[in-house]
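Number of protein chains: 4
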Amino acid sequence: MPKVLSTMDKSQSQTVKALLALRELVLSGELLPGERVSELAMVERIGVSRTPLRSALVRLETEGLLEVLPNGGYAARQLSVQDVFAAIEIRGAIEGLAAKFAAERRLGAADFQPIADTQREIDDLIDRNQPNGRTFSSYVPLNERFHEQLAELSGSLFIQQQIERANAHPFASASGFIDVQTQMPDARKILLIAQDQHICVLDAIRAGEGGRAETLMREHARLAQRYLRQALEDQRAMDQVPGASMLRRVS
Amino acid sequence: MPKVLSTMDKSQSQTVKALLALRELVLSGELLPGERVSELAMVERIGVSRTPLRSALVRLETEGLLEVLPNGGYAARQLSVQDVFAAIEIRGAIEGLAAKFAAERRLGAADFQPIADTQREIDDLIDRNQPNGRTFSSYVPLNERFHEQLAELSGSLFIQQQIERANAHPFASASGFIDVQTQMPDARKILLIAQDQHICVLDAIRAGEGGRAETLMREHARLAQRYLRQALEDQRAMDQVPGASMLRRVS
Amino acid sequence: MPKVLSTMDKSQSQTVKALLALRELVLSGELLPGERVSELAMVERIGVSRTPLRSALVRLETEGLLEVLPNGGYAARQLSVQDVFAAIEIRGAIEGLAAKFAAERRLGAADFQPIADTQREIDDLIDRNQPNGRTFSSYVPLNERFHEQLAELSGSLFIQQQIERANAHPFASASGFIDVQTQMPDARKILLIAQDQHICVLDAIRAGEGGRAETLMREHARLAQRYLRQALEDQRAMDQVPGASMLRRVS
Amino acid sequence: MPKVLSTMDKSQSQTVKALLALRELVLSGELLPGERVSELAMVERIGVSRTPLRSALVRLETEGLLEVLPNGGYAARQLSVQDVFAAIEIRGAIEGLAAKFAAERRLGAADFQPIADTQREIDDLIDRNQPNGRTFSSYVPLNERFHEQLAELSGSLFIQQQIERANAHPFASASGFIDVQTQMPDARKILLIAQDQHICVLDAIRAGEGGRAETLMREHARLAQRYLRQALEDQRAMDQVPGASMLRRVS
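Protein chains in written order, with my numbering: chain A, 302 to 552; chain B, 302 to 552; chain C, 302 to 552; chain D, 302 to 552.
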């Protein structure tokens, strides 16, 4: 579970429940852009009371999944491709700052042990031949762990929270594209490149090269733009991407 | 009024009222870190009902002014100097992206008219001799307008909202330091430098130099770190900075 | 033949002859660091008169292949690994500027035709399975053509000349490592990554993203550091690298 | 005397003599673009023999002050404003690398003593009121010392030599503009900004912020573009700039 959510204690568990359920309803397309979210229906469907539901609605609005309607209430947000590209760049910029901070702190070898282990696990995974659906299923959690460990190396809880928030935006994180990736013809190439960027960013951090570590993470984030572009050219692939219903497309 | 707030219509006006009032109470130090905010007391003091108050509490938590207490409820957030420096860098990184986007869109001369006018107004203001309190009182709104117009040049409403959000963090924006600035011995020098960065970033955007425009805005944001460092060395100056009570200081 | 040399006309053909011959003697290790180059022996061996030989010696000194000895005359330069890494970064920085200039000029689709053709030829080459010696023999001239075409897109003859000069430094350009590459276990992976960087830098230039194009070229140049590190761990591989005799190694 | 020249020993003193004299003749406009430099006349005028004169001609060609004529021989190089801007960016890029290397080496406080002393001397100089001709006469050597000390902090002799070479290009270094600066209406402002960049780059290096140190030095180099633009608008000012005769201007 993401850090921000896990810091909420039991008194907040109802808000967490509402948050996860609403998020799922938006990303799966059950709640469509422009359609007012009915508090009453949600209270019933999710099984929480009004107060935690409203907290969750406010939070999802600040994360960019919902928007406030002109006459009050919330609806799933309508996103343009340009908005999504901006969200990807923002995620990359903040992860880039985390990498810069890590490089400039001058950590010791022991600090790198956990993330180096994750890197090796990913190496083992993609060294096997032609990746299949199972490769990606294993890759996604390892990749998320790598990114979380990198954020921790920044030494700033504030930065970690901001990264988590930036990742909450639909499409901003790479993980949403898993089903698209599996079917992309150059799936293996992209995995090799992504992992090589992981390795290079660790090298840069170890060498105290903050500027290089930062630009590598920003370039790494841009892979998500590539996935999105490929998905946009293939309606069947796009249908598998969580949040696809939020995306306004020029038809 | 900031964009995000102004898009909330009347049905949200109570939330806006609660938001502004709570913000003021935190920044002025009436609500102290660690002390649970009493919903009942706030409802009475601010004059709004529970629902908008709670919306405001959630929103201020996502902005980093409040934190969730272990046993439920909210309190003003305790900030470290390192957190504040990270918040300043994040604000700079997102404003840097706005400048990059603006440069890469290739705007026409007419698009620059409004921001160029603001730049000239600031030029006129600081060309007069030794700045005084009144200079700064005039500078702050002009500076805010310049930054808003720059964000608009990005062409992305999403980026504008993220900048506004980043500025909501106490200390992240330069405007909080106005009273400190007025009394700083090198006040005029800093104003000249800040305005020169404004002029250079516009030149870079006009010339399509996205990378340069971005790094200039990031360096510009770092001026806030300089203000904070100076204020930290002078308790009397620090007492005038909104949010000072949130800052944990090594004593 | 490189641009700088080809602009020398026939009256300079003797200098070009001396330049190429001396370069070969240094890189092959016939002229060793610390050993004074005998003008007399060179005049005889290369078959040029003293004047063009001396011009060539001066030029190779400015390029970093020769150094002036304390008591006069020239010798092959002794290089540290750190010097070589610096030379690689300088090459990357200047190629990065070329990419930035190209992006900020806003070229038309026709301007990209020649370099896009080269990119596709490289794509075709490395799409075939496991690369062998022949793949690399074909890759090197295509890669050099790509880099020359990129330098031309900068629109600055001055930048092109400076890139050529930076490439003249032993090890700074990737082409010196061809024999090492062929035998590296991850040869194919590195080729895929290098070519992906080519494709991304063209995308960035087309989109007017100067900052991104620049950092991509700098990262691309860093591949040469990787080759060098791998070669340094394997004496047999190192013996095949032109200029290996110039490199001072901590033993 | 620059490092590269000072490493030439007495056996090379005639080449150094020829180099300095030829340089002066080109920058003062006695040797004009397109006019073939007569070896015979130079031998007589400078008082050196042919061999060192030819060495000097080759070296000045690699530095970009001379060019090879189609039918042999050398002439002062015709420069476009675009070439000069590129030369300024290259100088900034290499000085930027020096600052990056310095930041990533993690030096101790003692290493910064000499350059910090220079910084304070410049502070003292420009704290006095309105600068006059004497201020600039004192500023130029202090500024050159600051830049040399910064290059030394890189720890790479190779980088130092490349910076020196980049500075040899007419207009690339700030020092050529001293007479223009003295008469510029915003002379004091530019001095304040330049010195503030010096201070910030030292702060960034001390803090291990390589990326920031690098972009600051690049922005610092851009001040020379500003001087050139101002000089180009004022023929009388331009006549005082060394190398003005080399510059092709659209009339």
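By construction, the Cβ of each residue, glycine as well, lies at the ideal position given by its N, Cα and C atoms.
Note that the coordinates shown come from a computational prediction; the quantities given were computed from them, not determined experimentally.
Work out the CA separation of residue j and residue i for me, nearest whole Å.
i      : j      : result
C:V338 : C:F472 : 22 Å
A:L328 : A:T483 : 20 Å
C:L451 : C:I416 : 7 Å
D:T352 : C:I464 : 29 Å
B:G509 : D:R392 : 21 Å
A:L408 : A:L503 : 12 Å
A:S350 : B:G477 : 39 Å
C:V359 : C:G374 : 10 Å
A:N433 : A:I491 : 13 Å
D:L320 : D:M343 : 11 Å
A:H470 : A:G544 : 10 Å
C:L604 : C:Q462 : For residue 604 of chain C there is no data in the structure shown, the boundaries of chain C being 302 and 552.
A:P486 : B:Q315 : 53 Å
A:Q526 : C:R507 : 16 Å
D:K318 : C:R549 : 33 Å
D:A404 : B:A400 : 26 Å
B:E449 : C:L533 : 53 Å
A:P303 : B:G365 : Here the model assigns A:P303 a pLDDT of 46, short of 50, so the residue's position is not dependable, and the following value carries that caveat. Going by the C-alpha atoms only, they are around 17 Å apart.
D:I347 : D:A538 : 29 Å
D:Q313 : A:E520 : 49 Å
D:F385 : B:V385 : Note on identity: in this sequence residue 385 of chain D is Val, with Phe being the wrong assignment. Approximately 41 Å, taken between the alpha carbons.
A:V542 : B:R406 : 28 Å
C:A410 : C:R421 : 16 Å
B:L524 : B:E445 : 15 Å
A:S439 : A:D540 : 22 Å
D:S381 : A:G330 : 58 Å
C:Q414 : A:T363 : 45 Å
Are residue i and residue j close, meaning C-beta to C-beta below 8 Å?
i      : j      : result
D:I389 : D:A488 : no
B:T436 : B:L426 : yes
B:T419 : B:F402 : no
A:A505 : A:A514 : yes
C:L367 : C:L361 : yes
C:I423 : C:A467 : no
B:S546 : B:L333 : yes
D:V481 : D:Q536 : no
C:I500 : C:V441 : no
B:A357 : B:L323 : yes
Considering only heavy atoms of the ligand NAP, does any lie closer than 7 Å to the CB of residue i?
i      : result
C:E340 : The ligand NAP is absent from the structure shown, which contains no ligands of any kind.
Which partner residues does residue i have in the DSSP bridge list?
i      : result
B:L380 : B:L548
A:L367 : A:A377
C:P334 : C:A377
Would you please state the rounded distance, in angstroms, between the beta carbons of residue i and residue j? I believe it to be under 8 Å.
i      : j      : result
B:V340 : B:L354 : Looking at the sequence provided, one finds Glu at residue 340 of chain B rather than Val. That pair is a contact at about 6 Å.
A:A387 : B:F459 : 5 Å
D:L517 : D:Q498 : 6 Å
A:S457 : B:Q383 : 6 Å
C:G512 : B:G511 : 5 Å
D:L454 : D:D412 : 7 Å
Considering only residues of the region 379-421 of chain D, which uninterrupted beta strand (DSSP E) runs meet the minimum length of 3 residues and lie entirely inside it, listed in chain order? none
Just to confirm the assignment: which complete alpha helix (DSSP H) runs, minimum length 4, are found wholly within the region 489-538 of chain C? 511-522 and 524-533
Ordered list of alpha helix (DSSP H) runs contained in the region 443-490 of chain C, each at least 4 residues: 458-469 and 479-484
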